[in-house]
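Worksheet: one structure, shown below.
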Amino acid sequence: MAVLTAARRRRRGATRVPPVVLAFVLVPLLAEAFWVFWPAVQGFYLSLTDWDGVSAPKFVGVGNYHEMFGDSVFRTALLDTVLWLLLFGGLSALLGLGAALLLQQERRGVGFYRAALFLPVVFSLTATALVWQAMYQPDGLINNTLDFFGLGSLRHAWLADQDTALYAVIVPALWRQIGYVMVLYLAGLKGIDPVLYEAAKVDGATRWQQFRHITIPQLRGVNAVVLSVIVIDSLRSFDVVWALTRGGPYHSSELLSTYMYSTAFQSLRLGYGSALAVVIFVLAFGVIVSYLVRAFREAD
Amino acid sequence: MTAMNRQARRRAWATAGFHAGAGALSLLWLVPIALVLVTSTRSFDDIAANGLGSLPHSFTLGGFHQAWVDGGQGRALLNSLIVSIPTVLLSLALASMAAFGLARYDLPFRRTLLLVMLGGNLLPPQILLIPVSKISEALGLYDSLYALIGVQVGFGVGFYVFVLHGFMRSIPPEIQQAAVIDGAGPWQIYRRIIMPLTTPALAALGALSFTWIFNDLLWAITVLRTDTKMPITASLIGLQGQFVSMWNVIAAGSVIAAAPTVVVFLRFQRHFVAGLNLGAVK
Numbered sequence: 001m002a003v004l005t006a007a008r009r010r011r012r013g014a015t016r017v018p019p020v021v022l023a024f025v026l027v028p029l030l031a032e033a034f035w036v037f038w039p040a041v042q043g044f045y046l047s048l049t050d051w052d053g054v055s056a057p058k059f060v061g062v063g064n065y066h067e068m069f070g071d072s073v074f075r076t077a078l079l080d081t082v083l084w085l086l087l088f089g090g091l092s093a094l095l096g097l098g099a100a101l102l103l104q105q106e107r108r109g110v111g112f113y114r115a116a117l118f119l120p121v122v123f124s125l126t127a128t129a130l131v132w133q134a135m136y137q138p139d140g141l142i143n144n145t146l147d148f149f150g151l152g153s154l155r156h157a158w159l160a161d162q163d164t165a166l167y168a169v170i171v172p173a174l175w176r177q178i179g180y181v182m183v184l185y186l187a188g189l190k191g192i193d194p195v196l197y198e199a200a201k202v203d204g205a206t207r208w209q210q211f212r213h214i215t216i217p218q219l220r221g222v223n224a225v226v227l228s229v230i231v232i233d234s235l236r237s238f239d240v241v242w243a244l245t246r247g248g249p250y251h252s253s254e255l256l257s258t259y260m261y262s263t264a265f266q267s268l269r270l271g272y273g274s275a276l277a278v279v280i281f282v283l284a285f286g287v288i289v290s291y292l293v294r295a296f297r298e299a300d
Numbered sequence: 001m002t003a004m005n006r007q008a009r010r011r012a013w014a015t016a017g018f019h020a021g022a023g024a025l026s027l028l029w030l031v032p033i034a035l036v037l038v039t040s041t042r043s044f045d046d047i048a049a050n051g052l053g054s055l056p057h058s059f060t061l062g063g064f065h066q067a068w069v070d071g072g073q074g075r076a077l078l079n080s081l082i083v084s085i086p087t088v089l090l091s092l093a094l095a096s097m098a099a100f101g102l103a104r105y106d107l108p109f110r111r112t113l114l115l116v117m118l119g120g121n122l123l124p125p126q127i128l129l130i131p132v133s134k135i136s137e138a139l140g141l142y143d144s145l146y147a148l149i150g151v152q153v154g155f156g157v158g159f160y161v162f163v164l165h166g167f168m169r170s171i172p173p174e175i176q177q178a179a180v181i182d183g184a185g186p187w188q189i190y191r192r193i194i195m196p197l198t199t200p201a202l203a204a205l206g207a208l209s210f211t212w213i214f215n216d217l218l219w220a221i222t223v224l225r226t227d228t229k230m231p232i233t234a235s236l237i238g239l240q241g242q243f244v245s246m247w248n249v250i251a252a253g254s255v256i257a258a259a260p261t262v263v264v265f266l267r268f269q270r271h272f273v274a275g276l277n278l279g280a281v282k
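As given, the protein sequences belong to chains R and E, one line each in that order. Note that full-length UniProt numbering gives residue 93 to position 93 of the first sequence, counting from 1, and the numbers run on in steps of one. Note that full-length UniProt numbering gives residue 79 to position 79 of the second sequence, counting from 1, and the numbers run on in steps of one.
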């Protein structure tokens, strides 16, 4: 009934929603409020305290944030997180788009290729990490392949070397993410009206010009989505690093997320850990807001 | 004639080039998977003697047995399923109800509510970890699978509401009006009309959320402590510590941990991909 006359009611300013429907909305909302909103508020508050998890939290204001300036591990973690954003994010967007362009046409065998690239997306990052750990072993496939091509001098303990650990962790993360980004771009490419390309061909546009002036502008919406997904995924990244290096050796592959976890749950510095979590939130904030603004526009 | 020939030849070359490129790329993607499958069926002595990167000289399922029994992967797999299946069902049931209310009724602040719920899902989980572990302690749920189910439902529901809301908005109001005229209440409309029409979106979200929840590590190690309660992802990390350099066991554990989501993917491939796009294109 409410739907029938919704428009008229809104004009009159009176709304009557059946109590069942109210419960439909309130129960899930309360579940989320209890497990997400309330903890989030506490998280922000705890970032202003010094807390070992046992005695009462001691309010220290911005003390934790102040401490970050002098914390060299924090600097490393922040830098690595930015590197992770640029490398993991940038490469998965570029290579995902490349894979989508390569595999966009429906032709024989393309389903197999797509499935091959997509398969790792369903693995947990933990399993992915262990698969790659086997590849990175001193006598593993990567070093053996280098030997095979006469590049034995490049043999490496990839995960144990401070100079290579972070990059060695990014590769498995990319291996898994590229297929996901590819799926998003494939859907975007499918949504482009073929008439645009035909018109361009009639006008004598080259393949590059078509890509430059049709494909790229038409993908703007998907790009925004991919960007949000990538930034949020980058800042959340935890499993693959935790399973491969736990942020080591000597914090060389430390991300803010792993540093936050070990600070909170291993060093039991819950206040400082909360402050690190707030930094992660701040870095994600712009993306969250732009995602919500876009969702707001499309909510009706 | 020759022009046509030349064109046909060029097309044949282009096709060959495509398959060579795409084939090489697929190979690059499949090699790690093949490698782990092979490693999981080798014996420890074989790997110790010939090296991890060598061709296999043995075939045994002993690694699976060790991972399953000694490494506790069997128990862990069960834990993962005990968490994942109710969580998926519960969060989709709750989310579909909220989405129904928000999409089909003129609730006050409905758009704000929708975005607040979505916003909760977009928060980085790190900000919630410490309070969630403390809340589950205060409730006496710490180190129990109920805490994991609770937080997974609470954290996931916002996103599912948003996706299902978009889907339900697109169902023509006339269908519902006919039911209202026949005297159907909100529950009947939800159960008999909207839910059946929303099945494709539910299937897509179901396949997707199953893999997310099954693959989660962070929430699990935040609210659980006892080894025998850990889901398969956390148990896999334990396996790595317990069976150091016994790569056949670790590989077998990875295969066990990946198998259920691969099965879901192969069975629901279409829904799965649709799910990713449902969430993203919005």
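We put the CB at the ideal spot given by N, CA and C, even for glycine.
Annotation: R/R114 to R/V222 spans about 19 Å, alpha carbon to alpha carbon. Within the same chain, Cβ atoms closer than 7 Å to the Cβ of E/L197 are found at I171, the five residues on either side in sequence being excluded. Annotated three-state conformation of R/T49 is strand, per DSSP. Listed along the chain, the chain E residues whose CB falls inside 7 Å of the CB of R/E32 are M117, G120, G154, V157 and G158. Beta-bridge partners of R/K201 (DSSP): none assigned. Between the C-alpha atoms of R/V25 and E/V88 there is a straight-line separation of about 18 Å. Using a C-beta cut-off of 8 Å, the segment 218 to 228 of chain E makes no contact with the segment 157 to 175 of chain E, since fewer than three inter-stretch Cβ pairs fall below that distance.
Per DSSP, the unbroken alpha helix (DSSP H) holding R/Q209 starts and ends at R207 to Q210. Taking all protein chains shown into account, E/I130 has 16 or more neighbouring C-beta atoms within 10 Å of its C-beta and is therefore buried. Residues are counted here when their Cβ sits less than 9 Å from a Cβ of chain E; for the segment 227 to 246 of chain R these are S228, V229, I232, L235, R236, F238, D239, W242 and A243, given in chain order. L94, A95, M97 and A98: these are the residues of the segment 67 to 98 of chain E whose beta carbon lies less than 8 Å from some beta carbon of chain R, given in chain order. Residue environment for E/L27: exposed (fewer than 16 other C-beta atoms within 10 angstroms of its C-beta). Beta-bridge analysis with DSSP links E/K229 to no other residue.
In the DSSP assignment, E/Q176 falls within the alpha helix (DSSP H) that extends over P173 to I181.
The continuous stretches of alpha helix (DSSP H) do not include E/M246, and DSSP gives it neither H nor E. Not flagged as an interface residue toward chain R: E/L55, since no C-beta distance is shorter than 8 Å.
Counting only Cβ-Cβ distances below 8 Å, R/P249 has no contacts in chain E at all, with the closest Cβ about 16 Å away. Relative to R/P217, the option among R/I232, R/V231, R/V202 and R/Y197 whose CA is nearest is R/Y197. Residues of chain R whose Cβ lies closer than 7 Å to the Cβ of E/I175 do not exist, since the nearest Cβ in that chain is about 10 Å away.
In the three-state reduction of the DSSP assignment, E/F59 falls in the coil class, being assigned neither a helical nor a strand state.
With fewer than 16 other Cβ atoms from the protein chains shown falling within 10 Å of its own Cβ, R/V202 counts as exposed. Per DSSP, the beta-bridge partners of R/K58 are R/D50. Closer than 8 Å to the CB of R/N64 there is not a single CB belonging to chain E.
Judged by beta-carbon spacing, E/A98 lies beyond the 8 Å limit of R/P19, meaning their Cβ atoms are not closer than that value. Contact annotation: R/L184 and E/N121 have beta-carbon atoms that are not nearer than 8 Å.
Closest by C-alpha distance to R/L219, out of R/F74, R/A93, R/L48 and R/N64, is R/A93. In this model, R/L83 and E/M195 are separated by some 45 Å (Cα to Cα). Boundaries of the alpha helix (DSSP H) around R/G90: G90 to L102. Comparing alpha-carbon positions, the option among R/T258, R/L186, R/A277 and R/R269 lying closest to R/Q105 turns out to be R/L186. Scanning the segment 16 to 97 of chain E for uninterrupted alpha helix (DSSP H) segments of 4 residues or longer gives 44 to 50 and 62 to 65, listed from N- to C-terminal end.
Look at E/A8 here: in three-state DSSP terms it is helix. By the C-beta density criterion, E/I189 is buried, having at least 16 other C-beta atoms within 10 angstroms. Sequence-ordered contacts of the segment 191 to 218 of chain E with chain R read T211, N215, L217 and L218 [C-beta pairs closer than 7 Å].
In the three-state reduction of the DSSP assignment, R/H156 falls in the coil class, being assigned neither a helical nor a strand state.
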